Ligand SMILES: C[S@@+](CC[C@H](N)C(=O)[O-])C[C@H]1O[C@@H](n2cnc3c(N)ncnc32)[C@H](O)[C@@H]1O
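Numbering (my numbering), first residue to last: 1 to 273.
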């Protein structure tokens, strides 16, 4: 299957999965490779034949859907976002919680891939915040539609390249083992739960102090679905709670429930009503 065939297939199929083709434009290599292998496995010789197959067999849509998950992630991705969370935004939220006598700090990582993002929050929380807020306890739920990625997340072992943006002293504390694929030290796994959940149809119950929904909904979902998901995410934030999206993403038209929390960085705060 040529690149052009793959693109045409994705342009046709994406809206039927409530996705948008444009999200895949730059990263389609991963998806097209999987599609090429699938065609071979099914003994089909063209994208047109695969399309006929999809029209005849509804279960093949689930297979195609699973191919459309782009799995790229790494620790401390978009470092400026994590820096401002650590230095300004999370301390302010933790101060508020402390004043109310609350100790649980609730976080949701939606589209958590193999755990790089939720474990980044855990390491940041223990290394960057708990010295100042020793009473605070992290309660983090991480969800993804892909069970194989969640299995890797639960294993918690990563190639060194995935850690290169973590501050070096944090990387040394969190991954003390030598070797090319070190595993996360047990204390950074405490308070984390990994669950399979498709964000198009199911959302975690809140309320959360922090929701990370980066490089998933606002890249790959079709615009009407983005407009449906956004208010549901906002409704799951506490007043002053934070929503983080990806560095190249923007929010669909939304009402005034959110304000920017860190200048141009993709972090938004739920206004108090
Ligand atoms: C590009 S990764 C982003 C990982 C991480 N949030 C980050 O920014 O580094 C996208 C992740 O979203 C997951 N995903 C895609 N569609 C999803 C859906 N409908 N519901 C839940 N997770 C989904 C994929 O399996 C993948 O792990």
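Each residue gets a CB set at the ideal place from its N, CA and C atoms; glycine is no exception. Because the structure is a prediction, the values reported are computed rather than measured.
Whole-angstrom Cβ separation of residue 244 and residue 81, contact assumed at under 8 Å? Counting from one through the chain shown, the residue named residue 244 turns up at place 244. Counting from one through the chain shown, the residue named residue 81 turns up at place 81. About 6 Å separates the two Cβ atoms, so the contact holds.
So residue 306 and residue 162 are supposed to be a Cβ contact under 8 Å. How far apart are they, rounded? Here the chain has residues from 1 to 273 only, and residue 306 is not among them.
Just to be sure I understand the criterion: a residue counts if its Cβ is closer than 7 Å to at least one heavy atom of ligand 1. Which residues meet that? Going along the chain, the residues that qualify are 69, 70, 71, 72, 73, 74, 77, 109, 110, 111, 112, 113, 116, 117, 143, 144, 145, 146, 149, 197, 198, 199, 200, 212, 214, 215, 216, 220, 246.
Opposite residue 195 in the DSSP bridges: which residues? Position 195 of the chain shown holds residue 195. According to DSSP, residue 195 shares a beta bridge with 143.
One question on the structure: do residue 91 and residue 129 come within less than 8 Å of each other, judged by their Cβ atoms? Within the chain shown, numbered from 1, the residue matching residue 91 stands at position 91. Within the chain shown, numbered from 1, the residue matching residue 129 stands at position 129. Result yes, Cβ atoms of residue 91 and residue 129 sit closer than 8 Å.
In chain order, what residues of the same chain have a beta carbon less than 7 Å from the beta carbon of residue 118, not counting five sequence neighbours either side? Working through the chain shown from its first residue, we reach residue 118 at position 118. Here the set comprises 109, 112, 140, 142, 192.
Are the CB atoms of residue 240 and residue 288 within a distance shorter than 8 Å? It is not possible to answer for residue 288, since the shown part of the chain is limited to 1 through 273.
For residue 44 and residue 50, what's the separation of their Cα atoms in angstroms? For the purposes of this step, residue 44 is taken as residue 44 along the chain shown, with counting starting at 1. For the purposes of this step, residue 50 is taken as residue 50 along the chain shown, with counting starting at 1. Residue 50 has its alpha-carbon roughly 7 Å from the corresponding atom of residue 44.
Is it the case that the Cβ atoms of residue 1 and residue 47 are separated by a distance below 8 Å? The count along the chain shown starts at 1 and reaches residue 1 at position 1. The count along the chain shown starts at 1 and reaches residue 47 at position 47. Their beta carbons are under 8 Å apart, which means residue 1 touches residue 47 by this criterion.
How many angstroms separate the CA atom of residue 222 from the CA atom of residue 198? For this step, residue 222 is matched to residue 222 along the chain shown. For this step, residue 198 is matched to residue 198 along the chain shown. Cα-Cα distance, rounded: 15 Å.
Considering only the beta carbon of each residue, do residue 10 and residue 31 sit closer than 8 Å? The sequence position of residue 10 within the chain shown is 10, counting from 1. The sequence position of residue 31 within the chain shown is 31, counting from 1. In this structure, residue 10 lies near residue 31, with their beta-carbon atoms less than 8 Å apart.
When 208, 233, 205 are compared against residue 216, the one with the closest alpha-carbon: Within the chain shown, numbered from 1, the residue matching residue 216 stands at position 216. Nearest option by C-alpha distance: 233.
Residue 3 - DSSP class collapsed to helix/strand/coil: On the chain shown, position 3 is the one that residue 3 refers to. It is helical.
Here's the rule: buried if 16 or more other CB atoms are within 10 angstroms of the residue's CB, otherwise exposed. What is residue 12? Locating residue 12 in the chain shown gives position 12, counting from the first residue. By the Cβ neighbour-count rule, residue 12 is exposed, with fewer than 16 other Cβ atoms within 10 Å of its own.
Going by beta carbon distance, what residues of the same chain come within less than 6 Å of residue 171, once the five residues before and after it are set aside? Against the chain shown, residue 171 aligns to sequence position 171. Hits under 6 Å: 163.
Using the C-alpha atoms, what's the distance from residue 188 back to residue 158? Along the chain shown, one-based indexing puts residue 158 at 158. Along the chain shown, one-based indexing puts residue 188 at 188. Using only the alpha carbons, I get a separation of about 14 Å.
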